[in-house]
Structure formats: C-alpha cells, structure tokens
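Novice:
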Amino acid sequence: MFDLEKAISEWKARLRVHEILEDGLAADLETQLRDSIDAVKKEGASDEDAFAKAEARLGPLEAIADEYRKNRLAALDRRRPFRASRFFPSLAGNYLKTAWRKARREKAYAAINLAGLAVGLACGILTTLYVRHELSYDRYHARKDRIVRLVTGVRGGAYQAIAKVPGPWGLTALKEIPEIERAVRFVLMNEILVGRGEVRSYERGGLYADASVFEVFSFPLLRGDPATALAHPGTVVITESFARKFFGGADALGASLTFDSKTDYLITGVMRDVPAESHFRFDFLVSMETYANPMREDWRWNQFYTYLLLREGASPGAVAAKFPALLGRHMAAADAAGYATSFQKLTDIHLRSHLFREIEPNSDIANVIIFSAVAFLILAIAGINFMNLTTARALARAKEVGVRKAVGASRSQLARQFLGESLLMSAAAFAVALGLAALLLPVFRPLAGRSLALFGPSQTGFLAAMAGLSLAVGIAAGAYPAFVLSSFRPSEALRGRARGLRGDLMRKGLVVFQFAASAFLLVATGIVSDQLRFVQGRRLGFDIGHLIVVPIRDDKMRAGFEAAKRELMSVPGVVSASASGNLPGGSDWGVPYEAEGIAPDRLPPMRQLLVDEDFVATYRFELAAGRSFALDHPTDATAAVMINEEAARQLAWADPLGRTMAVPVLKHGPSPVIGVIKDFHFRSLHEKIGPIMLLTATPEMMTVISLRIRADGAPATLAGLERKWRELDPAHPFTYSFLDEGFARLYDRERRTGTLLLSVAGLAVFVACLGLFGLAAYAARKRTKEIGIRKTVGASTRSIVALLSGDFTRLVAIGYLVAVPAVVWLMSRWLQGFAYRRAIGIGPFAAAGIAVLAAGWLAVGFQSVRAARANPTDALRYE
Amino acid sequence: MISRQLMAASTRPIILAILAGGEDYGYSLIQKVRAGSGGALEWTDGMLYPVLQRMEMDGLIASCWRGGGDSRPRRYYRMTDRGRKELAAELAGWKTVSRALARFSELVPAQG
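As structure tokens, this is what we get:
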C-alpha cells in the first residue's frame with residue numbers, strides 16, 4: 055500500500071543531500087510538490103501516480119540545486135570583498151585594559167615614566183611661561199611699532215651710550231622734524247614723602263611726564279581727561295593701586311596729595327596700573343610743568359628719557375639721521391659733534407638695551423635663550439627617559455605582541471596601540487605637570503624675577519599649546535618604542551625569543567647624553583657659585599662691614615649736616631659718621647672736569663664722589679700718598695681733591711700730589727690733589743676699577759649720611775639712632791640700609807642665575823637618575839638567570855654588584871667627560887662678564903663628578919644589590 | 608519548440624507581467640504560464656524557484672510567507688518598483704525584437 059506522506063518524507067531526505075537547499079528553499083519546493091500532487095489527484099489519479107507525476111514535473115533535484123548554487127555564487131560575487139576596518143572600537147577597551155594592567159603590575163616603571171615626563175613638562179611649562187612673559191614686554195601699546203626711544207652716545211663719557219638725553223632735544227625734534235608726530239619725556243623723581251592726612255609713605259615710583267604721555271603710550275585713564283590731565287603745573291595722575299593706598303575706595307579725582315610735606319598736587323587722573331610687561335613702571339606721573347630744575351632747558355644735561363612717536367610710514371633710520379643736523383643748529387659745533395644719537399625700538403628695549411642709566415634694569419635676550427635651552431634640555435632628557443624605559447619594557451611585552459599578531463593584528467595596528475598608550479601616559483603626565491607647575495610657580499617667580507601667572511583667561515591659548523606640546527612629546531617619545539614593539543615576529547615572540555633589542559647602542563647613547571647634561575649643569579652651578587663667593591669675599595679697598603647709610607631728607611638737616619653728624623656720633627655704638635652726595639656702589643657721578651696740563655680731548659673719563667672730610671676715615675680707605683681731607687686745612691672745603699691710583703695712572707702723573715684739577719659744574723676751581731687713595735671697587739666687579747676723584751661737597755649736595763657702627767650691639771645702636779633721628783627730623787621717618795647689602799644687590803642677576811642653574815641641575819640629575827634606575831632594573835631582570843648561575847658557581851654578592859654597576863658607571867663617566875669641554879668653553883664666556891674673576895678651578899669639576907657618579911651608583915646600586923642578593927634558586931626558577 | 612535560451616530570456620518578463628496583476632505564489636504562477644501560453648511554454652516546476660530567488664536578490668520582487676488555517680502556508684511574491692521599471696523596459700525590448708523579426712520573416716522564402 056502506497057503511503058504518500060512516507061514518499062514525501064523520503065523525497066525530502068533525498069533533497070537534504072543537497073546542502074544548498076536550505077530549510078526555506080526546501081519548504082518552497084515541498085509546497086510546490088504538494089500543490090502539484092493535489093492538482094493531479096483532483097483529475098482522479100491515485101496517490102502513487104500523483105506523486106510520481108508531480109515529482110517528474112518538479113524536475114531533478116540535482117539541476118535545481120545547481121541553479122541555486124549559481125545564485126549563491128552570484129551573491130558572493132556581488133558582495134564587497136572583506137577588508138579589516140582601521141579601528142576596532144571593541145579593541146580600544148582591550149588596549150586600555152592591557153595598558154592599565156601593565157601599569158599596575160609594574161608600578162615602579164609606570165611611576166618613573168610618569169614622574170620623569172611630568173617633571174620635564176613642568177619645567178617646559180614654567181620656562182615657556184617665563185619666555186612668553188619676557189617676549190611680551192611693551193607689546194600692549196597700540197602704537198608700539200611707531201614708538202622709539204632717543205638715546206645718545208657721549209664722547210668722553212664713561213659709557214657707550216646713555217638712555218637719557220637733554221630736555222630740549224625731544225621737543226625741538228618734534229618742532230623741526232615733520233616725521234615725528236609726538237614726543238614725550240620722563241624724568242625720574244627722587245624718593246619722596248607722599249601724604250594725605252594721616253597716611254604718609256615714602257614713594258619711589260614717581261616720574262615727571264609730558265602731557266603727551268597718553269597720546270604716545272596706551273595707558274588707559276579710568277578717571278580724568280587724557281588730553282589735559284598733565285597739562286598744568288602741580289597736577290598728578292596716579293595709578294589705581296596708588297589711589298587705593300591713599301583713598302581706599304573713594305574717588306581720588308579732584309582730590310590732592312601732599313608731596314614732601316609741603317606742596318599739594320591736584321589729582322587730575324586715575325589710570326589703570328602699568329602692566330608688569332613694561333620696561334618702565336610707575337605709580338604716579340607728575341606733570342613736566344611742575345619740574346623745576348634750572349638745567350631743564352640745558353642742551354647738554356642728559357636727564358630726560360625721551361620717546362618719539364613717528365608718523366605712519368616714517369623710517370626710523372631716516373628720522374634718526376636728521377639728528378646730527380638738528381643738534382648742529384642749536385649747539386656749538388664742537389659740542390654737537392660729541393654726540394652720537396640713535397633710536398631704539400620700544401619693543402626692543404626690555405631685552406636688548408643695556409645702556410648707561412636705564413630707566414629700570416632691563417632683562418637680556420641671553421637669559422631668554424639660556425632659559426629656553428635649559429628647559430629644552432630637561433624636556434629632552436625626560437622624553438629620552440620615557441623612550442628608553444618604554445623600549446626596555448618592550449621585551450616584557452613580546453608575548454602580547456606575539457598573540458596579537460597571531461590573531462591578525464597588523465603592524466600598524468600594534469604601532470597605533472603602543473603610540474596610544476604613550477599618548478595616554480603623556481596626557482596623564484601633562485595633568486601631573488600642570489599641578490607640579492602650579493606648586494613650583496611661587497618658587498620659580500623669584501628665580502625668574504618676574505610676576506608670572508599660570509592660570510587665567512589670557513592663558514587658555516598658552517595652556518592649550520602646552521597640552522599640544524605634551525602630546526607631541528608623547529608621540530615623539532612613543533614613536534620609537536611603537537616601531538620596535540610592532541616589529542617583533544610573532545613566532546619568535548611567542549617562543550620567548552624576542553630579538554635582543556637592537557636599540558642597545560642608542561639607549562646607551564641616551565644615558566650618556568643625560569649624564570653629560572646633568573654634569574654640565576652641575577659644573578656650571580659650581581662655577582657660578584665659586585665666582586659669586588669670590589666676588590663677595592673680595593677686599594673692595596675699603597671696609598664695607600657695619601656701614602649703614604641713612605638718606606638725608608630734610609633740607610634744614612642738609613644745611614646743618616655737620617651738626618647732625620655730631621648728634622648721631624653721640625649715639626652709643628656709632629664709631630664715625632660722614633655725609634656725602636653719593637656712595638660707592640654705582641651712584642658715582644661723571645661730570646666734565648679739567649686737569650692741569652692735559653688737553654680736554656685727552657682726558658680719561660673720570661668719575662666723582664662728593665664727600666666730606668670724614669669720608670675717607672669712615673670708609674677706611676687706604677692712602678697710597680699724601681693726606682686725607684681735614685678740617686684743620688680750611689681750604690679743603692672748597693679747593694682740594696683726592697684721586698685713586700688708577701686716575702693717577704691714566705692721567706700719567708708720576709707724582710700727582712699738588713697737581714690741580716677742576717670741576718666747573720660743581721663750582722670747584724682748580725684745586726690741588728692732596729692725596730692718592732689705593733684703588734677700591736666703587737662699582738661691581740663686572741667693571742674694572744676706573745679713575746675716580748673725591749671732592750668735598752657743599753651742604754646742599756649732601757644726600758646721605760654713612761655711619762660706621764660697632765659690630766656688637768647693632769640692634770641697640772640702630773634703636774638709639776632712630777630715637778636721635780626723630781629729634782633731628784621729626785617730619786621724616788628714619789630709614790636706613792646696610793652698604794654691603796647694596797653691594798650684594800649688584801650681583802642679583804648672577805645669584806638668580808646660580809639658583810636657577812642649581813635647581814635645574816637638581817632636576818636634570820633627578821630625571822636622569824630616574825631613567826638610569828629604570829634601565830638598571832631592566833638590565834638586572836634581563837640577567838636574572840646569569841646572576842643565579844654566577845652565584846651558584848661561587849660569585850660573591852660584591853662581584854655581582856660590581857658587574858652590574860660597571861656598565862652604567864662607564865656610561866656616566868663618558869657623559870661626564872663629554873660635558874667637561876663644553877662647560878669650560880661656555881663658562882669661560884660667562885666669566886668674561888666680570889672684570890675680576892676666579893680662574894675656573896678643579897673644585898666644581900670634582901664636586902660635579904662625585905655627585906653624578908654617586909647619583910648614578912645610587913640609582914643602579916639599589917637594583918644591583920637587590921639582584922645580587924636574591925636567592926639563586928629563585929633566579930634559576932625564573933622564566 | 609522554443610529554445611532553452613529563449614525560454615530563459617523570457618522567464619523573467621513573464622513572471623513580472625503576471626505579478627503586475629497582483630501578488631501570487633509559485634504553483635499558481637506555473638499554472639498561469641501554462642494556461643496563458645496555451646501549453647506552449649512548459650516549465651520544469653522546480654526550476655522556477657531558483658529564478659524567483661534570483662529576481663528577489665536583484666530587487667525586482669519581494670516575498671513573504673503567508674497563509675495557514677484552511678490552506679497550507681505559501682510564499683507570496685509581489686513586484687517592487689524596480690520590478691515595474693524592469694518589466695516596462697523588457698516589454699519594450701521584446702516588442703522591438705518581435706516587430707523586427709516580423710519584418711525580417713517576410714524575406715524568408717517559404718518552404719514546402
């Protein structure tokens with residue numbers, strides 16, 4: 055008996071032989087078969103016949119399957135070929151996880167890597183901050199490109215050029231040279247007592263200024279009219295913070311301030327504080343009309359800082375070239391010929407101008423360059439470390455590379471993974487560096503001698519640039535390891551035979567470089583501090599200890615300075631007292647003089663100190679010949695001079711005593727030389743001792759009283775002096791300073807350089823040691839088995855430590871040797887800045903060598919000892 | 608007798624033409640072809656299905672299973688927009704060929 059369902063299921067079994075006929079297609083065909091059977095059966099056929107007929111109509115399964123296969127091929131053909139995507143998002147998570155696990159498992163490496171890079175970046179950030187600040191000076195003035203300062207060389211002056219010119223020059227130039235649009239002049243104001251009611255203080259931040267100051271410079275007035283603010287005598291414009299000091303929150307405009315306890319000046323304007331990025335700053339401006347000096351119209355009295363605003367398109371060179379003719383029109387030809395005027399661009403002054411009598415001490419482009427170079431050095435050391443350590447660690451990751459490659463990672467994918475890791479690391483380092491920089495900023499500020507701010511609205515761009523820099527370092531430092539790591543061959547890597555790193559030579563070179571840089575900085579630090587010690591320990595030619603200097607502020611006291619001296623001498627502890635017009639330490643004068651028998655144009659430049667007859671005794675100068683000023687020689691008060699040995703030498707006077715010299719400007723007619731003082735340093739040791747003359751001054755020229763006090767009981771003496779002073783001059787508070795402190799300030803710049811070098815050298819050594827530490831750890835681990843075997847066959851711990859440290863010691867030593875010639879060359883040039891200097895000694899080299907070696911051994915030794923003392927069985931079981 | 612090539616070439620326009628009248632399923636399509644051609648076009652039933660699959664791959668038709676209840680579930684095919692365009696193009700082509708053939712056939716000498 056034929057069973058239809060059974061026949062159909064047998065047919066289905068035959069159909070399933072063809073894999074291509076999947077369930078859906080099989081269902082299509084079965085439906086067709088059943089429909090067909092039903093139709094045939096309706097015509098009256100038996101089940102068996104119907105099935106046979108329908109199956110025949112359907113056709114051979116083989117042929118149908120063939121057709122379907124063709125369709126499948128066509129479909130395959132049409133699909134786009136398989137291509138690996140560039141980036142598998144799901145793998146990113148894996149990358150992060152691997153990196154994190156790696157960092158956790160090797161905390162020391164990760165910390166060293168991060169710390170080193172962060173320190174380097176922090177250095178970079180701070181230095182860039184400083185450099186940016188230095189380069190931004192005076193750039194806030196809207197017309198900065200057209201502003202120049204008029205300066206001049208003076209023939210016979212003791213300097214190349216002076217930053218000040220006589221008063222009439224600027225104004226006359228404005229009238230006679232059409233290319234000049236505006237001129238503004240400033241005159242420094244002496245320290246002066248400013249008061250408003252009970253609030254009184256000495257202020258040294260004042261300048262006399264022409265009314266045009268606000269048309270030339272961009273000093274915005276908050277209150278008052280810039281056009282008229284300084285147009286009249288007795289008017290003053292003050293800065294915001296100055297106003298706050300005297301007026302609190304009240305409006306200062308229209309109020310007045312009392313100057314020197316006698317004159318009231320009307321406040322006609324309040325201006326925003328002068329930005330820190332200015333080559334001169336001030337707290338208040340007094341109108342030039344107020345400036346009453348008989349010399350102000352003199353064509354030869356260099357006392358005015360003169361700034362000119364040139365017209366649009368005017369060439370500074372062409373304008374400057376018109377000055378000789380201008381001077382010639384207004385001065386005697388001989389006088390005019392003695393000047394060599396020139397212009398300085400406003401924006402060049404801060405970094406490139408080092409003239410005599412600068413309005414404020416300027417910085418130096420050399421500083422900027424040195425700072426940048428040092429920062430770059432540290433950044434490079436840090437970057438190198440990063441690179442070195444990452445590459446060294448590559449071996450430990452060989453297996454990972456092998457697995458990734460075996461499952462289909464391409465080389466570029468791996469390179470990207472490792473680059474990504476180093477970017478991640480550098481991003482983290484940047485965050486740490488920012489924190490570090492913020493922490494270090496207060497320490498760094500005094501070093502750089504500038505007020506700097508790290509965060510602020512104007513710093514966003516800067517910080518973004520720094521972040522960019524960090525990433526660039528990340529890429530640069532990560533590129534090499536990424537390249538090396540991704541180049542492992544999977545089969546070898548998996549068998550644990552990762553190629554010995556070929557970067558060995560390179561890594562060694564980098565260690566040498568780091569230690570060369572460290573040694574360089576250390577030696578330089580030593581030489582700088584040696585020189586500073588030398589400079590400050592040098593005998594100056596007079597006794598600078600226990601000399602205090604008190605400015606004379608009251609005119610009555612000035613007139614009766616002899617009486618004041620006597621009064622002060624009566625204070626217990628005071629040894630002697632002397633009044634003078636100026637002091638050793640840089641305030642000497644250089645006015646024209648005449649000397650017997652020498653033509654004016656042959657005279658050497660001569661400096662002057664204006665003193666009284668107690669000066670030589672108080673300062674304890676040593677006499678080479680003759681005698682000192684004395685009260686019992688009545689003519690000494692007006693007609694006697696002393697000179698130093700150098701003056702005698704340059705004047706070519708074998709026996710100067712009795713020769714006459716005159717200083718007409720100081721109303722000194724021809725006066726005999728009564729004594730010769732042994733050469734003494736009246737300037738810093740940067741300068742050679744030049745010729746100088748001492749002459750007695752009239753009372754109105756006296757500005758200070760110098761007091762020698764006994765070494766013991768100085769506080770009591772000072773208290774006594776203050777009491778006495780209050781009796782003598784109740785109007786002015788007692789202020790004093792020690793002369794040796796004033797001399798020490800002459801070397802502020804060098805001291806800052808020294809401190810900076812020291813901190814930078816410390817950083818460099820620290821970072822370099824971090825790197826060495828990491829490398830040593832790596833080397834010790836790489837040689838674990840070797841150490842184990844050596845110990846088993848009887849090597850001592852000491853010999854193994856020596857073995858492990860030996861390599862690195864050699865590298866450190868090479869680095870040191872490389873540094874020596876470079877530092878000798880550079881520091882010799884630095885020392886040229888001193889007229890009196892110590893020869894470069896062996897001391898700094900020995901100290902730096904010991905320091906570098908000790909630091910290196912410390913870094914390597916820890917690892918070596920640990921490796922050497924390990925139980926050899928553990929070592930041999932390793933791997 | 609119609610050649611294999613001609614059969615193959617005509618299959619797709621014929622299926623599209625039938626589906627132009629509404630959706631349909633496999634067995635019914637075969638019946639309609641047989642009836643419509645007066646038996647002149649005789650397809651092997653099983654060979655229709657790979658053709659339908661291919662047409663679906665090409666986006667000319669779409670299909671879905673439907674039914675159940677009284678009748679057995681079947682896969683119904685309907686024409687897509689793309690199929691409609693294809694049909695129009697095919698018909699135009701066939702008409703052109705057929706007109707050309709009609710003209711050329713006059714040149715063929717009659718045979719005994």
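Protein chains in written order, with this note's numbering: chain S, 55 to 933; chain E, 608 to 719. Glycine included, every Cβ here is placed at the ideal spot set by N, Cα and C. Here the structure is a predicted model, which is why all the values come from computation and not from measurement.
So, at 8 angstroms on beta carbons, what are the nonlocal neighbours of G808(S) in its own chain, with the 5 sequence-adjacent residues on each side left out?
Specialist: Mapped onto the first sequence, residue 808(S) falls at position 754. T579, V582, S583, L586.
Novice: Quick check on the DSSP output: what are the complete alpha helix (DSSP H) runs of length 4 or more inside the segment 394-477 of chain S, in order along the chain?
Specialist: Counting only runs of 4 or more, we get 400-406, 419-447, 452-460.
Novice: Within this structure, are the beta carbons of Y361(S) and V291(S) separated by less than 7 angstroms?
Specialist: For the purposes of this step, residue 361(S) is identified with residue 307 of the first sequence, where counting begins at 1. For the purposes of this step, residue 291(S) is identified with residue 237 of the first sequence, where counting begins at 1. Their beta carbons are not under 7 angstroms apart, which means Y361(S) does not touch V291(S) by this criterion.
Novice: For A552(S) and R837(S), I'd like the C-alpha separation in whole angstroms.
Specialist: As a first step, residue 552(S) must be located in the first sequence, where it is residue number 498. As a first step, residue 837(S) must be located in the first sequence, where it is residue number 783. A caution first: A552(S) carries a pLDDT of 49, below 50, which makes its placement in the model too unreliable to give a value.
Novice: Determine, using beta carbons only, whether F334(S) and E414(S) come nearer to each other than 7 angstroms.
Specialist: Working through the first sequence from its first residue, we reach residue 334(S) at position 280. Working through the first sequence from its first residue, we reach residue 414(S) at position 360. Cβ distance < 7 angstroms, so F334(S) and E414(S) count as in contact.
Novice: Can a CB atom of chain S be found closer than 7 angstroms to the CB of G674(E)?
Specialist: Indexing the second sequence from 1 puts residue 674(E) at position 67. No, G674(E) lies away from the interface with chain S (no Cβ there is under 7 angstroms from its Cβ).
Novice: Per DSSP, what kind of secondary structure is G656(E) in: helix, strand or coil?
Specialist: The count along the second sequence starts at 1 and reaches residue 656(E) at position 49. Here the sequence assigns Tyr to residue 656(E), which means Gly is not the residue at that position. It is helical.
Novice: Using the Cβ count rule (16 or more neighbours within 10 Å means buried), how would you classify V704(E)?
Specialist: Numbered from its first residue, the second sequence carries residue 704(E) at position 97. With fewer than 16 other Cβ atoms within 10 Å, it is exposed.
Novice: Suppose contacts are defined by Cβ-Cβ distances below 7 angstroms. Is F240(S) in contact with L225(S) by that definition?
Specialist: Along the first sequence, read from residue 1 onward, the residue named residue 240(S) stands at position 186. Along the first sequence, read from residue 1 onward, the residue named residue 225(S) stands at position 171. Contact: no.
Novice: So, using beta-carbon positions, are S341(S) and L284(S) closer together than 7 angstroms?
Specialist: Sequence index remark: in the first sequence, residue 341(S) carries index 287 (1-based). Sequence index remark: in the first sequence, residue 284(S) carries index 230 (1-based). Yes.
Novice: Comparing the C-beta of A129(S) with each C-beta of chain E, is any distance below 7 angstroms?
Specialist: By one-based count along the first sequence, residue 129(S) stands at place 75. Chain E, which has a Cβ nearer than 7 angstroms to the Cβ of A129(S), makes this yes.
Novice: I think S572(S) touches L468(S), with their Cβ atoms under 8 angstroms apart; what is that distance to the nearest whole Å?
Specialist: Taking the first sequence and counting its residues from 1, the one referred to as residue 572(S) is at position 518. Taking the first sequence and counting its residues from 1, the one referred to as residue 468(S) is at position 414. With 8 angstroms as the limit, S572(S) and L468(S) do not qualify as a contact, their Cβ atoms being about 34 angstroms apart.
Novice: Could you tell me if T927(S) is buried or exposed, where buried requires 16 or more neighbouring beta carbons within 10 angstroms of its beta carbon?
Specialist: To locate residue 927(S), count along the first sequence from 1; it is residue 873. Exposed, since its Cβ has fewer than 16 Cβ neighbours within 10 Å.
Novice: Locate the alpha helix (DSSP H) running through N698(S), then write down its first and last residues.
Specialist: The residue given as residue 698(S) occupies position 644 in the first sequence. That residue, N698(S), is in no alpha helix (DSSP H); its beta strand (DSSP E) goes 695-698.
Novice: Looking at the C-beta of Q86(S), does it have a partner C-beta in chain E at a distance below 7 angstroms?
Specialist: Here residue 86(S) refers to the residue found at position 32 of the first sequence. Yes - at least one Cβ of chain E is within 7 angstroms of the one on Q86(S).
Novice: Please name the residue, chosen from T344(S), R298(S), D318(S), that lies closest to V324(S) on a Cα-to-Cα basis.
Specialist: Position 270 of the first sequence holds residue 324(S). With distances taken between Cα atoms, V324(S) lies closest to R298(S).
Novice: If I follow the unbroken beta strand (DSSP E) through F313(S), where does it start and stop?
Specialist: Numbered from its first residue, the first sequence carries residue 313(S) at position 259. 310-313 is the extent of the beta strand (DSSP E) around F313(S).
Novice: Assign I432(S) to one of two classes, buried (16 or more other C-beta atoms within 10 Å of its C-beta) or exposed (fewer than that).
Specialist: Working through the first sequence from its first residue, we reach residue 432(S) at position 378. I432(S) is buried by the Cβ-count criterion.
Novice: What residues of chain E sit near D89(S), judged by a beta carbon separation below 7 angstroms?
Specialist: Against the first sequence, residue 89(S) aligns to sequence position 35. Chain E residues near D89(S): Y634.
Novice: Go through its chain and collect everything with a Cβ distance to A492(S)'s Cβ below 6 angstroms, but skip five positions before and after it.
Specialist: Position 438 of the first sequence, counted from the start, is the residue given in the question as residue 492(S). Answer for A492(S): L508, listed in chain order.
Novice: The beta strand (DSSP E) that contains G712(S), what's its start and end?
Specialist: Along the first sequence, one-based indexing puts residue 712(S) at 658. Run containing G712(S): none; DSSP gives neither H nor E here.
Novice: Between which residues of its own chain and L20(S) is the CB-CB distance below 6 angstroms, once the five residues before and five after are set aside?
Specialist: With chain S represented from 55 up to 933, any question about residue 20(S) goes unanswered, as that position is not in the structure.
Novice: Using a beta-carbon distance below 7 angstroms, is I70(S) in contact with chain E?
Specialist: Your numbering for residue 70(S) matches position 16 in the first sequence. In the sequence as presented, Ile is not what sits at residue 70(S); that position holds Arg. Cβ-Cβ to chain E under 7 angstroms: no for R70(S).
Novice: Across which residues does DSSP place V814(S) in a beta bridge pair?
Specialist: Position 760 of the first sequence holds residue 814(S). For V814(S), which the question treats as bridged, DSSP gives no partner whatsoever.
Novice: Tell me which residues share the same chain as L555(S) and place their Cβ nearer than 6 angstroms to its Cβ, disregarding the 5 neighbours each side in the sequence.
Specialist: The residue labelled residue 555(S) in the question sits at position 501 within the first sequence. With a pLDDT of only 49 at L555(S), under the threshold of 50, the placement of this residue in the model should not be trusted, and no figure is reported.
Novice: DSSP state of S63(S), grouped into three classes?
Specialist: Here residue 63(S) is taken as the residue at index 9 of the first sequence, counted from 1. Three-state result, S63(S): helix.
Novice: Around the C-beta of A765(S), are 16 or more other C-beta atoms found within 10 angstroms, so that it is buried, or is it exposed?
Specialist: On the first sequence, residue 765(S) is found 711 positions in, with the first residue counted as 1. Exposed: under 16 other Cβ atoms inside 10 Å.
Novice: Taking 8 angstroms as the threshold, find out whether the segment 121-133 of chain S comes into contact with the segment 74-85 of chain S through three or more Cβ pairs.
Specialist: Counting Cβ pairs under 8 angstroms, three or more are found: they touch.
Novice: Taking only beta-carbon atoms, is Y683(E) less than 7 angstroms away from chain S?
Specialist: Counting from one through the second sequence, the residue named residue 683(E) turns up at place 76. Answer no: the Cβ-Cβ gap between Y683(E) and chain S never drops below 7 angstroms.
Novice: Helix, strand or coil for Q214(S), going by three-state DSSP, please let me know.
Specialist: Translated into the one-based positions of the first sequence, residue 214(S) becomes position 160. Reduced to three states, the DSSP call for Q214(S) is coil.
Novice: So, with DSSP's three-state summary, where would you put M660(S)?
Specialist: To locate residue 660(S), count along the first sequence from 1; it is residue 606. Coil, per DSSP.
Novice: Contact criterion: CB-CB distance below 7 angstroms. Does M614(E) meet it with respect to chain S?
Specialist: Your numbering for residue 614(E) matches position 7 in the second sequence. No, its Cβ sits nowhere closer than 7 angstroms to a Cβ of chain S.
Novice: Going by the DSSP bridge assignment, what does D318(S) pair with across the sheet?
Specialist: Numbered from 1 along the first sequence, position 264 holds the residue referred to as residue 318(S). T312(S).
Novice: Alpha carbon to alpha carbon, how far is W879(S) from G816(S)?
Specialist: Here residue 879(S) is taken as the residue at index 825 of the first sequence, counted from 1. Here residue 816(S) is taken as the residue at index 762 of the first sequence, counted from 1. Cα to Cα, the separation comes out at about 22 angstroms.
Novice: Using the Cβ count rule (16 or more neighbours within 10 Å means buried), how would you classify P496(S)?
Specialist: One-based indexing of the first sequence puts residue 496(S) at position 442. So P496(S) ends up on the exposed side.
Novice: In whole angstroms, what separates the C-alpha of I904(S) from that of S417(S)?
Specialist: Here residue 904(S) refers to the residue found at position 850 of the first sequence. Here residue 417(S) refers to the residue found at position 363 of the first sequence. Roughly 35 angstroms separates the two Cα atoms.
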